[in-house]
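*Asks:* Quick one: the structure is below, and I'll ask about it shortly.
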Amino acid sequence: MQLIVICDVKHTFQSSLIVFIAVGAVAATAFYYVNMDEQGTTLTVVQSRNVYDSLDGCDFFSGKWVHDNDSYPLYEELQCPYITGDFACQQHGRMDSKYQQWRWQPHACNLPRFDAKEVLERLRGKRVVFVGDSVNRNQWVSMVCMLQTVIPPELREMRKIRHVSLRTFKALVSISILHCYWWID
1 MQLIVICDVK
11 HTFQSSLIVF
21 IAVGAVAATA
31 FYYVNMDEQG
41 TTLTVVQSRN
51 VYDSLDGCDF
61 FSGKWVHDND
71 SYPLYEELQC
81 PYITGDFACQ
91 QHGRMDSKYQ
101 QWRWQPHACN
111 LPRFDAKEVL
121 ERLRGKRVVF
131 VGDSVNRNQW
141 VSMVCMLQTV
151 IPPELREMRK
161 IRHVSLRTFK
171 ALVSISILHC
181 YWWID
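Dropping the structure here:
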């Protein structure tokens, strides 16, 4: 069982404390795993030839956005319960969907279509953490909306505890976000 969390906190001392604890927890976890690797842990590498192997040497930063109405959008907004508030365009009356039909196309290679099962397999046993403001929250929402398309409904859960919104996937991977209304540079 894994956990995906969104924390919405207000501009108070508690929010600073939560950010401090979250950053400390991430740092402690990273320190633990770095030290564990230094103790001579054997890593087994499995060689496989698949579509991702052809991306070696691809410059992902050189490309352009292209319209793709055949394979996009990757999820239906109204089918994803994690899209809330100002991010729910269709719930607020936006009728067109062409803004959802764009994908990034690098100049020198072809990216495969997002495959939620493949992503979950590659992230099995790992943690993905999004920490930040509304930009990171938007990225987190997009990620869990794409992944939830292959996770059975009985393995998804949503609940609210005081000022903290809690979203849970009991899946293969832990994807978390600590969302703050403000961030200190």
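Residue 179 in full-length UniProt numbering is what sits at position 179 of the sequence shown, and the numbering runs on without skipping anything. For every residue, glycine included, the Cβ atom is placed at its ideal position computed from N, Cα and C.
#1: Any idea if W104 is buried or exposed, counting beta-carbon neighbours within 10 angstroms, 16 or more meaning buried?
#2: Should E60 and P112 be called a contact, given that it needs their Cβ atoms to be closer than 8 Å?
#3: Of the residues E154, L155, Q148, which one's Cα is nearest the Cα of Q79?
#4: Comparing C-alpha positions only, which one of D115, V141, R124, R122 sits nearest to F130?
#5: Taking DSSP as the reference, what is the three-state secondary structure of P106?
#6: Can you tell me where the beta strand (DSSP E) holding V128 begins and where it ends?
#7: Does the distance from the C-beta atom of C109 to that of C58 stay below 8 Å?
#8: Considering Cα atoms alone, identify which of K98, M146, Y82 is closest to N69.
#9: When DSSP labels each residue in this structure, what does R137 get in the three-state scheme?
#10: If M146 and Y75 are in contact, beta carbons under 8 Å, what's the gap, nearest whole angstrom?
#11: Could you tell me which residues DSSP pairs with V66 in its beta bridges?
#12: Would you call R124 buried or exposed, if buried means 16 or more other Cβ atoms sit within 10 Å of its Cβ?
#13: Return the Cβ separation of Q100 and Y72 in integer angstroms, given the expectation that the two are a contact with Cβ distance under 8 Å.
#14: With respect to the alpha helix (DSSP H) encompassing E118, which residues constitute its N-terminal and C-terminal limits?
#15: What does a CB cutoff of less than 7 Å around L55 pick up in its chain, not counting 5 residues either side in sequence?
#16: Could you tell me the alpha carbon to alpha carbon distance between E121 and I151, rounded to whole angstroms?
#17: For F87, I'd like the list of residues in its chain whose CB is within less than 7 Å of its CB, leaving aside the five on either flank, ordered along the chain.
*Replies:* Answer, in terms of the structure:
#1: What you label residue 104 is simply residue 104 of the sequence shown in a count that begins at 1. It is exposed - the Cβ of W104 has fewer than 16 other Cβ atoms within 10 Å.
#2: Within the sequence shown, the letter at position 60 stands for residue 60. Within the sequence shown, the letter at position 112 stands for residue 112. The residue you asked about is not Glu; residue 60 is Phe in the sequence shown. No, the pair does not count as a contact, with Cβ atoms beyond the cut-off.
#3: The count along the sequence shown starts at 1 and reaches residue 79 at position 79. That would be Q148, whose Cα lies nearest to the Cα of Q79.
#4: One-based indexing of the sequence shown puts residue 130 at position 130. Measuring from the Cα of F130, the nearest candidate turns out to be V141.
#5: Locating residue 106 in the sequence shown gives position 106, where the first residue counts as 1. In this structure, P106 counts as strand in the three-state DSSP scheme.
#6: As a first step, residue 128 is located in the sequence shown; it is residue number 128 there, counting from the start. Per DSSP, V128 belongs to the beta strand (DSSP E) from 127-132.
#7: The residue you call residue 109 lines up with position 109 of the sequence shown. The residue you call residue 58 lines up with position 58 of the sequence shown. Yes. Within cutoff.
#8: Here the question's residue 69 lines up with position 69 in the sequence shown. With distances taken between Cα atoms, N69 lies closest to K98.
#9: Position 137 of the sequence shown holds residue 137. Reduced to three states, the DSSP call for R137 is helix.
#10: Within the sequence shown, numbered from 1, the residue matching residue 146 stands at position 146. Within the sequence shown, numbered from 1, the residue matching residue 75 stands at position 75. Indeed, because the Cβ distance is near 5 Å, the residues count as touching under 8 Å.
#11: By one-based count along the sequence shown, residue 66 stands at place 66. Bridge partners of V66: R103.
#12: Position 124 of the sequence shown, counted from the start, is the residue given in the question as residue 124. So R124 ends up on the exposed side.
#13: Taking the sequence shown and counting its residues from 1, the one referred to as residue 100 is at position 100. Taking the sequence shown and counting its residues from 1, the one referred to as residue 72 is at position 72. Contact between Q100 and Y72 holds, with the beta-carbon distance rounding to 6 Å and staying under 8 Å.
#14: As a working mapping, residue 118 is identified with position 118 in the sequence shown. It spans 116-122 - the alpha helix (DSSP H) in which E118 sits, taken as one unbroken run.
#15: As a working mapping, residue 55 is identified with position 55 in the sequence shown. So the list reads C109, once near-sequence residues are dropped.
#16: Residue 121 sits at position 121 when you count from the first residue of the sequence shown. Residue 151 sits at position 151 when you count from the first residue of the sequence shown. Distance between E121 and I151, taken at the CA atoms: about 12 Å.
#17: Here residue 87 refers to the residue found at position 87 when the sequence shown is read from its first residue. Annotation for F87: N138, V141 place their beta carbon closer than 7 Å to its own, counting only its chain and skipping 5 residues before and after.
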